[in-house]
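Here is the structure we will look at.
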Amino acid sequence: MEEVYINGNRLLLHPQKAIYWPAEKALLLSDLHLGKGAHFRKAGIPVPPAVADVNFRRLDMLIEDCRPERVLFLGDLFHSDHNHVWGMFCDYLCEHDGISFELVPGNHDILPESAYAESCMKMLPEIYVLGNLCLSHHPLEEEQIPADTYNIYGHIHPCVRLIDVAGNGMKLPAFFFGPTAGILPAFGEFTGCAEVKARAGDRVFVLAEGSVIGF
-13 MEEVYINGNR
-3 LLLHPQKAIY
7 WPAEKALLLS
17 DLHLGKGAHF
27 RKAGIPVPPA
37 VADVNFRRLD
47 MLIEDCRPER
57 VLFLGDLFHS
67 DHNHVWGMFC
77 DYLCEHDGIS
87 FELVPGNHDI
97 LPESAYAESC
107 MKMLPEIYVL
117 GNLCLSHHPL
127 EEEQIPADTY
137 NIYGHIHPCV
147 RLIDVAGNGM
157 KLPAFFFGPT
167 AGILPAFGEF
177 TGCAEVKARA
187 GDRVFVLAEG
197 SVIGF
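Here the sequence shown stands for residues -13 to 201, numbered as in this note's numbering.
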């Protein structure tokens, strides 16, 4: 894991596209889009059914590595309509009842309130301040960010495009940290990515072959 300091906080960037915050014993991850594969299959688009299993296995790896007390999902946990993967997720939460799973809702988190209430998950506000970090799904405008806090968000599915000497391009997921806000890569196995251009002063950490590489 790569270590960074954000607003005085020591954060560990995990190769599985998440942040571990040791002082809070908390994992931060975004954009799982659970159920997206099943959602597409219902529409007649062939998607391998193992996508959900891979997400759960990767989440298990994170929990095993970091031993968190809290797991905070920064939005787009579940991809829109209810399907059988929601039941799988609820079972997963119950199997890890020693951990507090919490959701900062995003634009795809549109299940009925009753579904969330019946799960073992805590619902948080759309802008959630923990210590001096401000957690959200969408990027916040400057006036929305509480004083002296740093905004960490998802939604963008950020990546960088690297080009080799032969001119071949490759997109790789990445963490971006600017002066006032940072972006998490999408955790989900079945998500796209959007190329983000680094600006002066940004710190960028690319995920490649099980490593976190800063440049």
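Yeah, the Cβ is synthetic: ideal placement off N, Cα and C, and Gly gets one too. These figures come from a predicted structure and were not determined experimentally.
Query, Result
"Pairwise C-alpha distance: H70 and H143", "25 Å"
"Cβ pair P91, H141 closer than 8 Å", "no"
"Cutoff 8 Å; reference A12; Cβ partners in own chain excluding five residues on either side", "Y6, P54, E55, R56, V57, L58 and L116"
"Buried/exposed call for I96, threshold 16 Cβ in 10 Å", "exposed"
"P159 in three-state terms, based on DSSP", "strand"
"Alpha helix (DSSP H) segments (min. 4 residues) lying fully within the region 32 to 97", "37 to 52 and 70 to 81"
"Between the CA atoms of E175 and F26 - distance to the nearest angstrom", "Interpretation of F26 is limited by its pLDDT of 48, a score under 50 that renders its predicted location unreliable; the figure taken from the coordinates is listed afterwards. Those two C-alpha atoms are separated by around 14 Å."
"Which of helix, strand or coil DSSP assigns to P8", "helix"
"Separation of I149 from L48, as counted between CA atoms", "30 Å"
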